[in-house]
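*Asks:* Counting in our numbering, the sequence shown runs from 1489 upward without gaps.
C-beta: ideal position from N, C-alpha, C; glycine also.
Sharing a structure with you now.
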Amino acid sequence: MRSFFRTTYRWTTRGMKLAIFGTIVGIVGIIGVLIYAITQGPPSLMTEQNTVFYGTDGEIIGEEQGAEERYWINIEEMPESIKDATLAIEDRRFYNHFGFDLKRIAAAALTDLKQMRMAEGASTITQQYARNLYLSHDKTWKRKLNEALYALRLEIFYNKDEILEGYLNTIYYGHGAYGIEAASRQYFNKHAADLTLTEASMLAGIPKGPTYYSPLANAERAEARQQQILAEMEQNGYITSSEKRAAVEASISYADGEEEETQEVALYFQDQVITEAAQLLEVDRESVQTGGYHIHTTLIEEHQRILEEQVKRNIPASEEIQVASAVMNSHSGAITALVGGKDYGESPFNRATQAKRSVGSTIKPFLYYAALAEGYSPVTMKETQPIEIEVDGKTEPYVPSNFNDQYAEEPISMAQALAVSDNIYAVKTHMDIGPEKLGKTMKTFGVKETFKPHPSLALGYSSISLFDMVSAYGKMVKGTESIEGHTIAKITDRHGNVLYEYQPAYNKDDAVDRVRAFTVTHMMTGMFDPILDADYASVTGTPIKGKLTRMYGGKSGTTDNDSWMIGFSPQYVSGVWVGYDEGSKPLEDFNDHRYAKAIWADTMEKIHETEPTAAFIPPPGVKGVYIDPETGYVAGPNCPQERLVYMEEADIPENVCGGDESKDVDDEFKDDPWFKDVVDWFF
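So, in structure tokens, the structure goes:
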């Protein structure tokens, strides 16, 4: 007997020691797991979600998605019925446990042991969410362990509402719909916020078996599951018996399979938005498309509609020739419309942003901006005649020419040379100030290409994208380097947190000079002023002047293969390029050369129909002076013609047209009212 008690005592003592040791090991293990979970930090809640694009009016203009339809909505946007139905059927004690329902785990474990396999699950919503985010759905012990660790991290770093929100936005509801918003659209063609109790209880039953319980696959099974959920909701106090009865009796109507699609507009524009967003967020394009972002763009749908209509109206669909165009707010740099080709479906290549083409004479305003810093003025006179320029390393000289080989027989001013697009004046100026100056000036205006200092650069034989040229013109019109052509105003994440918001950026080291910029801007209005017609050439805006009803400035450009028109009002800058995708194919006929100007004029006129008349305001440091275009002298009372030109006061000519050259020029303007310079813009 004594031996029996001794043995019993010994085993009892060993048992107690083992129990204590086991408890200590368990506590240490739990502490270790907690430390591990905490040191791993909060797990990301990001999954693939549809990214949504908005126009300036707040309306959706398009959506981007990955392999599945996904939308993220805040828990406040979800009806109580879907939350309650989900909790009732999936995890009644969700708000009372720390990620694991021990009662359900014990019951499930007993069943699994009896059957010697993973037969029954007891996953909480937290565990299911962890599995959806990070893991596979294999029924293995390893997966269960990893799931538990992820679930623990979710519970440590996020509150219950955040976890429930994430779960309801990621759970699979069948038919390619992930999340309650996608499911609501898929099954009922409505937003989740508008779900009824009947509809919500039907959807809540699907995740258990998305194929098995889909009402579109088997209505009888789905309705049985729905009634079970309603019963659970009543039993757990989520609804009353009368609400349950009403939900059971209510009819339910499913979508006809053709979900109402968002009317996508401006697909070339949207492509640029994705590219821009990827750069701003420092991610790849696919991450933008599936990141669930809300991207507020600069698109004005009416501008986009007008631009697309004018492209179609002016260029026959049967023509092989292609087009690119953009409209930009000249105060902010916001791109309000963009076309990268005639038909996105036929060719998604974005010619406005991806194609770089020879810009022709549209580069000349930047040349003359550079020249103004080297002692030139709008009335600097030069003779234009055929010339030859020796080029280092070349055996043959460079021989520029004017259109139709027509030249001035006497000196002309810079203002007139720009208006009639005299090539000889441009090349001579370019070589006089130094052929490297224009390349540096283009960088000041935001063009990043490297330009070889060659005589031909003055005539635009270097390639630049239309997007960059429109942006550069915007800097000229605004008189600052701070504005940048952009398609994105703001980016938020799915919770509304602002990730990016456009702000102008100033560059003190390479700033645009406002006085010179305004001087060139005003000179560009000359392309529409017949006063500047020369004997050998008309101003380049003559073919479209009859279409225009207000003050515009601009510059056209033509090479053998490219036709350009970039112009502006005080409110908007717009550019159009026309040419063939095969860069070596020349423009073929008269129509090929007229398309760009016609599209530009028609678009700008339509856009400005609802805009008030506006004026460019001269900055301090410039003076508006009436000049005789033929001589470059100040226009006196007897001068036969005059043209308003802006320049620095020190550059105003001393001579006066009209036979009274000795008259003090200041006497011509000392009695002008202060507002004359502004008023002159309206006439």
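#1: Beta strand (DSSP E) containing ARG2131: first to last residue?
#2: In the DSSP assignment, what are the bridge partners of TYR1660?
#3: In angstroms, rounded to a whole number, what distance separates the CA positions of GLN1894 and PRO1888?
#4: Assuming ALA1822 and ALA1977 are in contact, meaning their beta carbons sit under 8 angstroms apart, how far apart are those beta carbons, in whole angstroms?
#5: In three-state DSSP terms, what is PHE1933?
#6: Just confirm the distance between the C-beta atoms of ILE1900 and TYR1886, as a whole number of angstroms; I'd bet it's less than 8 angstroms.
#7: Which of the three DSSP states is assigned to GLU1969 in this structure?
#8: So the alpha helix (DSSP H) ASN1911 belongs to, where does it begin and stop?
#9: Quick check: what's the CA-CA separation for LEU1945 versus PHE1939?
#10: Tell me the rounded alpha-carbon separation between GLY1543 and THR1785.
#11: Going straight from the alpha carbon of ILE2140 to that of ILE1794, what length do you get?
#12: With a 10 Å radius around its C-beta and 16 neighbouring C-beta atoms as the bar for buried, classify GLY1514 as buried or exposed.
#13: Where ILE2019 and LEU1906 are concerned, what is the direct C-alpha to C-alpha distance, given to the nearest angstrom?
#14: Using 8 angstroms as the threshold, is the C-beta distance between GLY1828 and TYR1756 below it?
#15: GLY2042 and ILE2054: beta carbons closer than 8 angstroms?
#16: Quick check on the DSSP output: the alpha helix (DSSP H) that includes MET1721 runs from which residue to which?
#17: What is the rounded straight-line gap between the Cα of THR1699 and the Cα of ILE1803?
#18: Quick one: Cα of VAL1753 to Cα of GLU1790, how far?
#19: Which class does LYS1928 belong to by DSSP, given the choice of helix, strand or coil?
#20: Once the 5 residues before and after GLU1924 are set aside, which same chain residues still bring their CB inside 7 angstroms of it?
#21: For ASN1995, I'd like the list of residues in its chain whose CB is within less than 6 angstroms of its CB, leaving aside the five on either flank, ordered along the chain.
#22: Please say whether PHE1933 and PHE1854 have beta carbons closer to each other than 8 angstroms?
#23: If you drop the 5 nearest sequence neighbours on each side, which residues of the same chain put their C-beta closer than 7 angstroms to that of ALA1576?
#24: Tell me which same chain residues have a C-beta within less than 7 angstroms of the C-beta of ILE2032, skipping the five on either side of it?
#25: Taking the C-alpha atoms as reference points, what is the distance between PRO1703 and ALA1812?
#26: Just list the beta strand (DSSP E) runs in the stretch 2005 to 2082, keeping only unbroken ones of 3 residues or longer that don't cross its boundaries, in chain order.
#27: Have a look at ASP2116, GLU2137, MET2135 and flag the residue whose alpha-carbon is nearest the alpha-carbon of PRO2128.
#28: Considering ASN1802, what are the terminal residues of the alpha helix (DSSP H) in which it resides?
#29: Output the boundary residues of the alpha helix (DSSP H) element that contains TYR1756.
#30: Quick test of the definition: if touching needs 3 or more C-beta pairs under 8 angstroms, does the stretch 1951 to 1967 touch the stretch 1992 to 2009?
#31: In or out: LYS1852 buried (at least 16 other Cβ within 10 Å) or exposed?
#32: In the DSSP assignment, what residue or residues form a beta bridge with ARG1558?
#33: Between the C-alpha atoms of ASP1981 and THR1658, what's the straight-line distance to the nearest angstrom?
#34: How would you label TYR1559, buried or exposed, when you count the other beta carbons within 10 angstroms and need 16 or more for buried?
#35: Our contact map puts ILE1809 next to VAL2066 with C-beta atoms below 8 angstroms; I'd like the distance itself, whole angstroms only.
#36: Measure from the alpha carbon of MET1930 to the alpha carbon of each residue in GLY1550, VAL1915, GLY1948, then state which is nearest.
*Replies:* Put simply:
#1: One-based indexing of the sequence shown puts residue 2131 at position 643. Unbroken beta strand (DSSP E) run through ARG2131: 2131 to 2135.
#2: For the purposes of this step, residue 1660 is identified with residue 172 of the sequence shown, where counting begins at 1. Bridge pairing for TYR1660: TYR1666 [DSSP].
#3: Position 406 of the sequence shown holds residue 1894. Position 400 of the sequence shown holds residue 1888. Those two C-alpha atoms are separated by around 12 angstroms.
#4: Position 334 of the sequence shown, counted from the first residue, corresponds to residue 1822. Position 489 of the sequence shown, counted from the first residue, corresponds to residue 1977. Contact annotation, ALA1822 with ALA1977: C-beta distance approximately 7 angstroms; criterion of less than 8 angstroms satisfied.
#5: In the sequence shown, the residue the question calls residue 1933 occupies position 445. Note: PHE1933 maps to coil in three-state DSSP.
#6: Counting from 1 along the sequence shown, the entry for residue 1900 is found at position 412. Counting from 1 along the sequence shown, the entry for residue 1886 is found at position 398. In this structure ILE1900 is not in contact with TYR1886, their Cβ atoms being roughly 21 angstroms apart against a cut-off of 8 angstroms.
#7: Mapped onto the sequence shown, residue 1969 falls at position 481. Annotated three-state conformation of GLU1969 is coil, per DSSP.
#8: Working through the sequence shown from its first residue, we reach residue 1911 at position 423. Where ASN1911 is concerned, the enclosing alpha helix (DSSP H) starts and stops at 1911 to 1921.
#9: As a first step, residue 1945 is located in the sequence shown; it is residue number 457 there, counting from the start. As a first step, residue 1939 is located in the sequence shown; it is residue number 451 there, counting from the start. For LEU1945 and PHE1939, the gap between their C-alpha atoms comes out near 8 angstroms.
#10: Position 55 of the sequence shown holds residue 1543. Position 297 of the sequence shown holds residue 1785. When the Cα atoms are used, GLY1543 and THR1785 turn out to be separated by approximately 5 angstroms.
#11: The count along the sequence shown starts at 1 and reaches residue 2140 at position 652. The count along the sequence shown starts at 1 and reaches residue 1794 at position 306. Cα to Cα, ILE2140 sits roughly 42 angstroms from ILE1794.
#12: Stepping through the sequence shown from its first residue, residue 1514 is reached at position 26. Only weak support is given to the placement of GLY1514: the predicted model assigns it a pLDDT of 49, under 50, and the value that follows is read from those uncertain coordinates. In summary, GLY1514 is exposed, with fewer than 16 beta-carbon neighbours lying within 10 Å of its beta-carbon over all protein chains present.
#13: On the sequence shown, position 531 is the one that residue 2019 refers to. On the sequence shown, position 418 is the one that residue 1906 refers to. Taking the Cα positions, ILE2019 is about 13 angstroms away from LEU1906.
#14: If you number the sequence shown from 1, residue 1828 lands on position 340. If you number the sequence shown from 1, residue 1756 lands on position 268. Yes. Within cutoff.
#15: For the purposes of this step, residue 2042 is taken as residue 554 along the sequence shown, with counting starting at 1. For the purposes of this step, residue 2054 is taken as residue 566 along the sequence shown, with counting starting at 1. Contact: yes.
#16: On the sequence shown, residue 1721 is found 233 positions in, with the first residue counted as 1. For MET1721, the uninterrupted alpha helix (DSSP H) run begins and ends at 1707 to 1723, by DSSP.
#17: As a working note, residue 1699 is residue 211 in the sequence shown. As a working note, residue 1803 is residue 315 in the sequence shown. Rounded to whole angstroms, the separation of the alpha carbons of ILE1803 and THR1699 is 51 angstroms.
#18: Taking the sequence shown and counting its residues from 1, the one referred to as residue 1753 is at position 265. Taking the sequence shown and counting its residues from 1, the one referred to as residue 1790 is at position 302. C-alpha separation (whole angstroms): 11 angstroms.
#19: Here residue 1928 is taken as the residue at index 440 of the sequence shown, counted from 1. Helix at LYS1928.
#20: On the sequence shown, residue 1924 is found 436 positions in, with the first residue counted as 1. Once the five neighbours on either side are set aside, the close Cβ partners of GLU1924 are PRO1941.
#21: Counted from its first residue, the sequence shown places residue 1995 at position 507. GLU1969.
#22: Working through the sequence shown from its first residue, we reach residue 1854 at position 366. Working through the sequence shown from its first residue, we reach residue 1933 at position 445. Inclusion of PHE1854 and PHE1933 in the CB contact set at 8 angstroms is warranted, their separation being smaller than that value.
#23: Indexing the sequence shown from 1 puts residue 1576 at position 88. Sequence-distant partners of ALA1576 (beyond 5 residues in either direction) whose C-beta falls short of 7 angstroms from its own C-beta, in its chain, are ILE1717, GLU1720, MET1721, ASN1724, TYR1726.
#24: One-based indexing of the sequence shown puts residue 2032 at position 544. These residues qualify, in order along the chain: LYS2085, ALA2086, ALA2089.
#25: Here residue 1703 corresponds to residue number 215 of the sequence shown, with the count starting at 1. Here residue 1812 corresponds to residue number 324 of the sequence shown, with the count starting at 1. Cα-Cα distance, rounded: 48 angstroms.
#26: With a minimum length of 3 residues, the continuous beta strand (DSSP E) runs that stay inside the stretch 2005 to 2082 are 2041 to 2046, 2050 to 2056, 2060 to 2067.
#27: As a first step, residue 2128 is located in the sequence shown; it is residue number 640 there, counting from the start. Out of ASP2116, GLU2137, MET2135, ASP2116 has the C-alpha closest to the C-alpha of PRO2128.
#28: Residue 1802 sits at position 314 when you count from the first residue of the sequence shown. Unbroken alpha helix (DSSP H) run through ASN1802: 1789 to 1802.
#29: Working through the sequence shown from its first residue, we reach residue 1756 at position 268. That run of the alpha helix (DSSP H) goes 1755 to 1769.
#30: Segments in contact, yes.
#31: Working through the sequence shown from its first residue, we reach residue 1852 at position 364. Answer is buried; the Cβ neighbour count reaches 16.
#32: For the purposes of this step, residue 1558 is taken as residue 70 along the sequence shown, with counting starting at 1. ARG1558 pairs with TYR1666.
#33: For the purposes of this step, residue 1981 is identified with residue 493 of the sequence shown, where counting begins at 1. For the purposes of this step, residue 1658 is identified with residue 170 of the sequence shown, where counting begins at 1. Their Cα atoms are separated by approximately 16 angstroms.
#34: For the purposes of this step, residue 1559 is taken as residue 71 along the sequence shown, with counting starting at 1. The residue is buried, with at least 16 neighbouring Cβ atoms inside 10 Å.
#35: Here residue 1809 corresponds to residue number 321 of the sequence shown, with the count starting at 1. Here residue 2066 corresponds to residue number 578 of the sequence shown, with the count starting at 1. The C-beta separation of ILE1809 from VAL2066 comes to about 6 angstroms, placing the pair in contact by the 8 angstroms criterion.
#36: Taking the sequence shown and counting its residues from 1, the one referred to as residue 1930 is at position 442. Comparing Cα-Cα distances from MET1930 to each of GLY1550, VAL1915, GLY1948, the minimum goes to GLY1948.
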